[in-house]
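Remarks on the structure that follows.
Protein chains: 2
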Amino acid sequence: MGALRRKLARAGLSGLLVTHLPDVRYLCGFTGSSAALAVTRRSARMFTDGRYTTQAAAEVKAAQVEIVGRGPAISAVQWMAAQAGAETAGFDPARTTVAELTRLKEALPARLRRTFLTPVPAPLVETLRLVKDEDELRILREAALMGCRLFDHMLGFLRPGLMEVEVAAELEHQARLMGAEGMSFDTIVASGPRSALPHGRATAARLPRRGFLTLDFGIIHEGYCSDMTRTVYLGTAKPKERQAYEAVLAAQESAVAAVTAGVKCGEVDEAARAVLRDAGLADAFTHSTGHGVGLEIHEAPRVGAGQATRLQAGMVVTIEPGIYLEGEFGIRIEDMVAVTRHGGQVLTPSPKALIEL
Amino acid sequence: MGALRRKLARAGLSGLLVTHLPDVRYLCGFTGSSAALAVTRRSARMFTDGRYTTQAAAEVKAAQVEIVGRGPAISAVQWMAAQAGAETAGFDPARTTVAELTRLKEALPARLRRTFLTPVPAPLVETLRLVKDEDELRILREAALMGCRLFDHMLGFLRPGLMEVEVAAELEHQARLMGAEGMSFDTIVASGPRSALPHGRATAARLPRRGFLTLDFGIIHEGYCSDMTRTVYLGTAKPKERQAYEAVLAAQESAVAAVTAGVKCGEVDEAARAVLRDAGLADAFTHSTGHGVGLEIHEAPRVGAGQATRLQAGMVVTIEPGIYLEGEFGIRIEDMVAVTRHGGQVLTPSPKALIEL
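Those protein sequence lines, which keep their order, are chains A and B. When we follow the numbering used here, the leftmost residue of the first sequence carries the number 9, and every step to the right adds one. When we follow the numbering used here, the leftmost residue of the second sequence carries the number 9, and every step to the right adds one.
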């Protein structure tokens, strides 16, 4: 909260309305599904509804709690407006809908309606969340290692003839038994020609006797997300398939090696893209190289072409180039990487050389 | 699309920007995670990115597909603005952020910037989605019955000493093996005093020898969500606990009996609330009676106090009163109910009399 208050003072705001739930959790620890947090220069108050009375009392730190009957955001704004000397409160225009802003303004006293709510130019809380502290890094490391243990378990489970959904079921079941709070996104299990779908959720398709299998999955541990992808081969890969795999792996390792504090995200993306371009696979790499990961599975920074944001020590990003050849196959390899002053630290050290099962 | 085009004509709009993904799926079948659909009075075009080339070609019906490098919503708005005679396009202010609206306006030619994008007064697509057609009802019925089979399976699995997360793991594993695409929300397993948390996700807590256990879960089947809750008792319930259970059950059955086309949602809520009031439990019922369910786990209508929306045949709502006594226990019973002209049809016919395990 201290760092946020300094940002408020610098921006000349009396307070800030925080409605994005991962931001609320980050600032005060509340994990419920309905809440708004009002942060002023002197105090902070979180508003939620009667379903969360007990949970809020147990979880919320560094803010008072008020249980309200109507929308928590309206209550938060009215509370800030009622503070002595309150003139303006920031809101995040990227997290506030046009309809919600109208409702919030209508709930204010007439004299404040036009001037009180001010869009903040950059998302103040998400900017704080970019750089993880030691405690967050510990949790992300644990989450990532749980992912590696899951992948290791799956290597002993995979065999031709299984349905993709059976693979997802086994993976998610093991994740729960390991203590995961849940999955951080729909598990991707894409086999044979379906591996050419970058986001192929598990279906009733059966694993082939011969072909690629992409597993892209993540678990939630103490609220933080893991994310990793490995592509394995069922049977013995053909020379063209092995070549393609080696190209993706070289691209992935090149981007991992480019990660260090001070480097632009676009340069990391280019490190992967250049390798695939040289291999004649530029057109088959149809997405960005990676993204930040933390309380949300996708958060800033974006590691994409031309991105000027510079990596800072404490950021955690994914590095996940892939190629997709429609009707043939696809390959993606993804690690979570923590940025340090002396390079990138891979948090998902599962093997990456081609595994033939 | 026909019904939507009639709404567009009635509202005097040249077109509509659809960015909420369940709305996109509803209108054209696309299930990817990045898309915008532009619907004009004569045609429709869906914009997505290169990750979804193959998937969009396979899934999208009733719209052309265009793969774009930049934001799909910007492309959709620019495409509509370039149509001959295009003057205005509606957008849903409840699904468009303040920041996104600014970006969309900036992407328009100067002469259209002020006038082209118009907030629609009511969410046009969500209004269409309120009433389910025969095909949707079939899918929701199947999804609900999968939920009932899961509950039946769990009755044979539950025993004191299991961790709540083990219960969630078993339930989710079975769901996958049954062919569920995923869970429609984080599975709630709340045992003993934790049952007093209305939204108690599964933790490492162990099921007690004696006490309530609330299971609230849903699966996704062909894109549609199921949702049901049962509260069972481990051991033999004390008289006070049994009385409380009977009160919640009476409230739930009273609300189910109130469901029929033409009735106001607030009247259904009151049917449950009145029973709990008579039992002296009004303050312990801290949430609404239910909500619509379909492509999203929470959608319109809201079945809450004072809601004036009238139920129509083809709507599907949950009926889920509950009571929460902090430090003691909680009880919730939830069914999915399809509205017909002749009353409500319960889609989740699992037993509701108190089960003691």
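The C-beta atom is built at its ideal place from N, Cα and C for all residues, glycine as well.
- Taking 8 Å as the CB threshold, L109(B) lines the interface with chain A.
- Contacts with chain A at 8 Å (Cβ-Cβ) do not include A97(B).
- Taking the Cα of H350(A) as reference, the smallest distance to any Cα among V264(A), P359(A), L303(A) is reached at V264(A).
- Contact note: G187(A) reaches chain B through V173, A212, using a C-beta cutoff of 8 Å and chain order.
- Judged by pairs of C-beta atoms under 8 Å, the segment 96–106 of chain B touches the segment 95–105 of chain A, as three or more such pairs exist.
- Per DSSP, A346(B) is one residue of the beta strand (DSSP E) stretching across 343–348.
- Bounds of any alpha helix (DSSP H) do not take in I305(B), whose DSSP letter is neither H nor E.
- Given a length threshold of 4 residues, each whole run of the alpha helix (DSSP H) inside the segment 82–133 of chain A is given here in chain order: 106–114.
- Within the segment 41–74 of chain A, those residues whose Cβ lies closer than 8 Å to any Cβ of chain B are, in chain order, S41, D57, G58, R59, Y60, T61, T62, Q63.
- Beta bridge pairing from DSSP links A44(B) with F55(B).
- Bridge pairing for A198(B): T222(B) [DSSP].
- The Cβ-Cβ distance between V354(A) and V325(A) does not fall below 8 Å.
- With distances taken between CA atoms, R14(A) lies nearest to R49(A) out of R49(A), H28(A), S83(A), V32(A).
- Nearest Cα to F124(A) within the set Q260(A), A65(A), G93(A): G93(A).
- With a beta-carbon spacing of about 4 Å, A81(A) and A44(A) fall inside the 8 Å limit used to define contacts.
- Cβ-Cβ distances below 8 Å link L303(B) to P30, R33, Y34, R137, G231, Y232, C233 in the same chain, with the five nearest sequence neighbours on each side left out; the list follows chain order.
- Note: R49(A) is not bridge-paired with any residue in the DSSP secondary-structure output.
- Counting C-beta pairs closer than 8 Å gives fewer than three between the segment 156–166 of chain A and the segment 125–135 of chain A, which falls short of the contact rule.
- In the three-state DSSP reduction, Q72(A) falls in the strand class (E or B).
- Looking at the DSSP output, M171(A) shares a beta bridge with R214(A).
- Its chain contains L158, H161 as the residues whose beta carbon lies nearer than 7 Å to that of Q182(B), once the 5 sequence neighbours on both sides are disregarded; these appear in chain order.
- In the three-state reduction of the DSSP assignment, R78(B) falls in the coil class, being assigned neither a helical nor a strand state.
- Only residues of its own chain outside the window of five on either side were considered, and among them L205, G208, T222 have a CB closer than 6 Å to the CB of A198(B), listed in chain order.
- Contact annotation: in the segment 322–348 of chain A, residues whose CB is within less than 7 Å of a CB in chain B are E334.
- Spatial neighbours of P168(A) in its own chain (CB-CB distance under 7 Å, excluding positions within 5 residues in sequence) are listed in chain order as L215, P216, R217, L242.
- Within the DSSP bridge table, the entry for T239(A) names T222(A) as partners.
- M191(A) sits in a strand when the DSSP states are folded into three classes.
- Among the residues facing chain A, E180(B) is included, as its CB has a counterpart in that chain under 8 Å away.
- Residues of the segment 301–322 of chain B whose Cβ lies closer than 7 Å to any Cβ of chain A: none.
- Between the segment 274–294 of chain B and the segment 356–365 of chain B, the count of C-beta pairs closer than 8 Å stays below three; the two stretches do not touch.
- Counted as a single uninterrupted DSSP element, the alpha helix (DSSP H) harbouring R33(B) occupies residues 29–36.
- Proximity of chain B to D194(A) at the Cβ level (cut-off 7 Å) is accounted for by G190, in chain order.
- Burial state of G23(B) is buried, judged by a 10 Å Cβ sphere holding 16 or more other Cβ atoms.
- In this chain, the beta strand (DSSP E) harbouring Y332(A) covers 330–333.
- Residue pairing by DSSP places G231(B) in no beta bridge whatsoever.
- Judged by beta-carbon spacing, A245(A) lies beyond the 8 Å limit of V347(A), meaning their Cβ atoms are not closer than that value.
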